[in-house]
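Each residue of the sequence shown is one higher than the last, beginning at 779 in the working numbering. Ideal Cβ positions, reconstructed from N, Cα and C, are used throughout, including at glycine. Just so we're clear, the structure is a prediction, and the values are computed from it rather than from any experiment.
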Amino acid sequence: MGTDNSLEAAVNVEEIKAAIARALVTRTVLPPYEELRDLHKTLLEYIQTLLPLAEKQVDRLNRGTVDWYSKRSRLNTIPHEVAQGLGSGLRSADWHVRSLGYTCQFLLNNSGLAQEHDR
């Protein structure tokens with residue numbers, strides 16, 4: 779389990795939470811495209827880091843239960859969501875970053891890191 783612990787130790791939960799907060803903040807004015815692009819890149823990196831951790835946690839659940847099926851289905855949609863890109867307009871970029879923020883929050887909540895961090 780040495781590799782798992784080193785991976786988990788390398789994950790900065792506070793930085794991830796800060797990026798999620800930036801993605802999910804209620805905006806009255808859309809930010810510059812560059813800011814959304816940078817946040818998009820950051821969220822994708824966190825999603826790539828958290829996805830295997832969350833998959834491992836979900837796979838520990840009893841298969842066939844509603845909880846397992848719901849979380850497994852959500853995990854299965856993430857590669858498609860990540861592949862979409864920002865889109866051409868500011869509004870679509872904002873929407874996609876917000877969507878990735880929710881995805882990152884789901885992964886963090888199901889990675890086992892948030893609970894360990896809050897202890």
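Provide the residue span of the alpha helix (DSSP H) that contains T855, from first to last.
Here residue 855 is taken as the residue at index 77 of the sequence shown, counted from 1. Secondary structure note for T855: its alpha helix (DSSP H) is the uninterrupted segment V844 to A861.
Anticipated Cβ contact below 8 Å, L828 with L878, distance rounded
As a working mapping, residue 828 is identified with position 50 in the sequence shown. As a working mapping, residue 878 is identified with position 100 in the sequence shown. So it is not a contact: roughly 12 Å between Cβ atoms.
Go to N790, then tell me how far its alpha helix (DSSP H) extends in each direction, as first and last residue.
In the sequence shown, the residue the question calls residue 790 occupies position 12. Note, N790: premise wrong, no alpha helix (DSSP H); not H, not E.
Can you round the beta-carbon distance between A801 and V860 to whole angstroms, since I take them to be within the 8 Å contact cut?
Position 23 of the sequence shown, counting from 1, holds the residue named residue 801. Position 82 of the sequence shown, counting from 1, holds the residue named residue 860. 14 Å between Cβ atoms; not a contact.
Residue of V844, L831, G863 and V791 minimising C-alpha distance to Y811
Position 33 of the sequence shown holds residue 811. Here the closest residue by C-alpha is G863.
Check R838 in the structure and name its three-state DSSP category.
Along the sequence shown, one-based indexing puts residue 838 at 60. R838: coil per DSSP, three-state reduction.
Let me know the secondary structure DSSP gives T804 once reduced to three states.
Locating residue 804 in the sequence shown gives position 26, counting from the first residue. T804 falls in the coil class under three-state DSSP.
Once you ignore the five residues that flank R852 on each side, which residues in its own chain have a CB closer than 7 Å to its CB?
On the sequence shown, position 74 is the one that residue 852 refers to. For R852, where only same-chain residues beyond five positions count, the Cβ hits under 7 Å are F884.
Cβ-based neighbour list, L822, same chain, cut-off 8 Å, excluding 5 preceding and 5 following:
In the sequence shown, residue 822 corresponds to position 44, counting from 1. Cβ within range, chain order: V860 and L878.
Boundaries (first-last residue) of the alpha helix (DSSP H) holding G867:
Translated into the one-based positions of the sequence shown, residue 867 becomes position 89. Unbroken run through G867: none, as it is neither H nor E.
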